[in-house]
Each structure stands twice: as C-alpha cells, then as structure tokens.
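Undergrad: Here you go, one structure.
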Amino acid sequence: ANSVNILAIETSCDETAAAIIQDGKRIISEVVATQIDSHKRFGGVVPEIASRHHVEQMTQVLEDTLQKASLSMKDIDAVAVTEGPGLVGALLVGVATAKALAFSHQLPLIGVHHIAGHIYANQLIESFQFPLLCLVVSGGHTELVLMREHGDYEVIGETRDDACGEAYDKVARVLGIPYPGGPHVDRLAKQGEDTLHFPRIYLEEESYDFSFSGLKSAVINTVHNAKQKGESLKKEDIACSFQESVVEVLVEKTYRASKDYQVKHVVVAGGVAANSRLREALGARFKDEDVNLSVPPLSLCTDNAAMIGAAAFNDYKKGAFSGLELNANPGLDL
Ligand code: KG4
Ligand code: ZN
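Here it is, written out as structure tokens:
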C-alpha cells in the first residue's frame, strides 16, 4: 500500500509548528517556531501577541516544513490541525490555514484535540498496547486518561484547580525565575534537598484527581514567611521540596490506576513529561512491573505538530474527516 503523508499544524499556544508525518509513525519533517522570548517579559503567554506571531510565522513555517522534506503539496494526503483546546485567537490561525490548504488542494481535513496529540506523541516512539494509561501533565492540563483502543479516551482523573505545569510556572515566579519556569525549577531541584516536606495532596483515597493549588500556596507562604523573619531559604531546596511533593503524587496515582485498570502500557505526555525527576521516578516505580512504560523524548513533550499528525492518522484510516466548517474550539472536550 502507498504510504500516507499528513501535513499537521499546531498553533494552540506559543509555538507555531508544522510537521509531515508518514503513516502516523514516521516524522518526515518538523519545524517549531517558538515565541517564548516575546512572552518572557510579561511572565506568561499574552494571547494577542501569540495570535499575531502565529500569523507572521505560519507561511514560513509551512514552507520550511515542505522544503526540509523536499516535498510539495502534491505529496500530501491530508491536512491535520489542532482545533482545541487552547487560546482561541492562536487556534484560529492554524485552523484557518489548514482549511485554506485543504480547500485549495482538495485534501481531507482532520481536526485534532491538543491532548490527543500529546498522547499520540508516544505512538511516534512505540506502538500502543491496550488498555493504555496516559498521565497528561502540561501547562493547561493534568489528567489520567484510560484508552481501551485507538481514539477512545476516558478521563479517570483530573486536576481540580491548577494544572501541574501551571503550578511549576507559578512557583518559579515566586523564586524569581523567568517564564516558562518548569525547566528551571527542574534544574534547580537537582542541586537541592527535600528539606521543607511540603504536603502530598492525595485527596480522597479512591480518587485519581489532582490538586496543586494548596501546594503552590504552601510554597508561596513558606517563601514569604522566611522573608519576613529574615531567614534565608535555598532556592534549590524550595524547588526540590516542591518537586518531590508533585512527583510523588503523580507517580503514586499513575501506579495505582495502572493496577486498578490492569493496563498493559503506561505513557506520559505534555510539557511536564520532560521533567527529569518525574521520568526517573516513573522508571523506578514501574521497573519490576509487567507493564510497558514509555516516555517520549524531550522534543516531543512540549508543543509540536508531529504529535498532531500522529493522532490524525487514526482518523485518516477511519475516514473521520472534518468539514470546512471546522472551527477553533478553546474548550474542546477530549
Ligand atoms: O505541553 P506544553 O508545552 O504546553 C501546554 O500544552 O500547556 O507544556 C508547557 C508546560 C509549562 O508549564 C512548562 O513550565 C512545563 O510544561 N515544563 C516543565 C518542564 N519542561 C516544561 N515542567 C517541569 N519540568 C520540566 N523539565
Ligand atoms: Zn500542549
């Protein structure tokens, strides 16, 4: 059979990204134009600036993606795009671009859920075995998702307040670290120790839900109290103590869910999946278990378009295409 080339576009937040994915598995070409520097001085992503950058970068990113693969639109079989969730103005740029391409080249259009994309980043590394459990930890989401087959998602637990990456970014801010703080906190924590023993927030015994706002407040209060008393705390220890609390809960809930649902495969997805301590702790927890653990390479953890192309391949096989009325949906459900 002929191979299928999907051109995928992702613009849900602050990366303008495109990729060509062959048969849902192979990255033929990939370009990510990040806007982090433009948002840094505001301490977070400014939606209006994000959309404007996407408009400015989109055409070049697409051209570079095709050129890197020495392909033209004639070699493309479908166009996929993140339809939500995300920033509406940012999503719209990708959706409008994908629709224009699909219409002008008479190609099928496939709208993809951003989190489905994060999950399918793992499929670029290793074929899924079902039932599969995915720990989704990003700047906007923290969820445990159970998959019994391709394209089938059951959210068995989610955050009741802040997303995990959001908590990292807020703690980073208190420590005077620039946006996005997650990677810096990760680095600092390696030099610190868990001296502060922040609470581990497990909620009800049976629950797979998460909560990070209490921990975030505990960190903020500790820092302020120390300042008031003129005591000095090591940033490294604060980072490490915070991270140990986060990672312990993430790993334990993932482990318990993997047992309760007797899954064959555990995967991790989203920006915080790049966290070195989380990767290490998951590896240790599942080492002697009869389940397959996959952790995507760092480049596939944060936002990218390759993951969108990987997720779209299932819809392509099923012929589940979107119409040209496809619209950006900032609150799209998985
Ligand atoms: O998935 P992502 O790129 O964007 C969203 O869809 O939200 O995730 C971005 C989040 C940010 O909060 C960032 O601080 C966090 O992922 N992050 C990390 C690390 N790398 C990125 N958090 C902890 N440790 C890391 N190494
Ligand atoms: Zn994301």
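In the UniProt record's numbering, the protein residues as written are 4 to 337. Idealized CB from N, CA, C, for every residue including glycine.
Inspect the beta-carbon positions of F201 and S244 and report whether they are closer than 7 angstroms.
TA: For F201 and S244, yes; Cβs fall inside 7 angstroms.
Undergrad: Within the present structure, is the beta-carbon of G168 separated from the nearest heavy atom of the ligand KG4 by less than 6 angstroms?
TA: G168: yes, Cβ under 6 angstroms from the ligand KG4.
Undergrad: Mapping the DSSP letters down to three states, classify I128 as helix, strand or coil.
TA: Coil, per DSSP.
Undergrad: Evaluate the contact criterion for the region 88 to 104 versus the region 253 to 269: three or more CB pairs, one atom per stretch, below 8 angstroms.
TA: Taking 8 angstroms as the limit for Cβ pairs, the verdict is that the region 253 to 269 does not touch the region 88 to 104.
Undergrad: Just checking D306 against the ligand ZN - is the residue's beta carbon closer than 6 angstroms to any of the ligand's heavy atoms?
TA: D306: yes, Cβ under 6 angstroms from the ligand ZN.
Undergrad: Secondary structure at C243, three-state DSSP: helix, strand or coil?
TA: C243 falls in the helix class under three-state DSSP.
Undergrad: Could you name the residues that DSSP lists as bridge partners for G185?
TA: Beta-bridge pairing links G185 to no other residue.
Undergrad: R29 by DSSP, collapsed to three states: which one?
TA: Strand at R29.
Undergrad: Can you determine whether any heavy atom of the ligand KG4 sits closer than 6 angstroms to the C-beta of D164, and answer yes or no?
TA: No, since every heavy atom of the ligand KG4 falls outside the 6 angstroms radius drawn around the Cβ of D164.
Undergrad: Check each candidate in G273, G274 and R176 and name the one with the smallest Cα separation from K238.
TA: K238 has its Cα closest to that of R176, out of G273, G274 and R176.
Undergrad: From which residue to which residue does the beta strand (DSSP E) around A272 run?
TA: H268 to A272 is the span of the beta strand (DSSP E), which, as asked, contains A272.
Undergrad: Roughly how many whole angstroms lie between the Cα atoms of L337 and G233?
TA: L337 and G233: Cα-Cα distance of roughly 48 angstroms.
Undergrad: Counting beta carbon pairs with one atom in the region 305 to 315 and one in the region 25 to 40, are three or more of them shorter than 8 angstroms?
TA: The region 25 to 40 vs the region 305 to 315: in contact.
Undergrad: Comparing the CB of S302 with every heavy atom of the ligand ZN, is any distance shorter than 6 angstroms?
TA: It does not: the Cβ of S302 is nowhere closer than 6 angstroms to a heavy atom of the ligand ZN.
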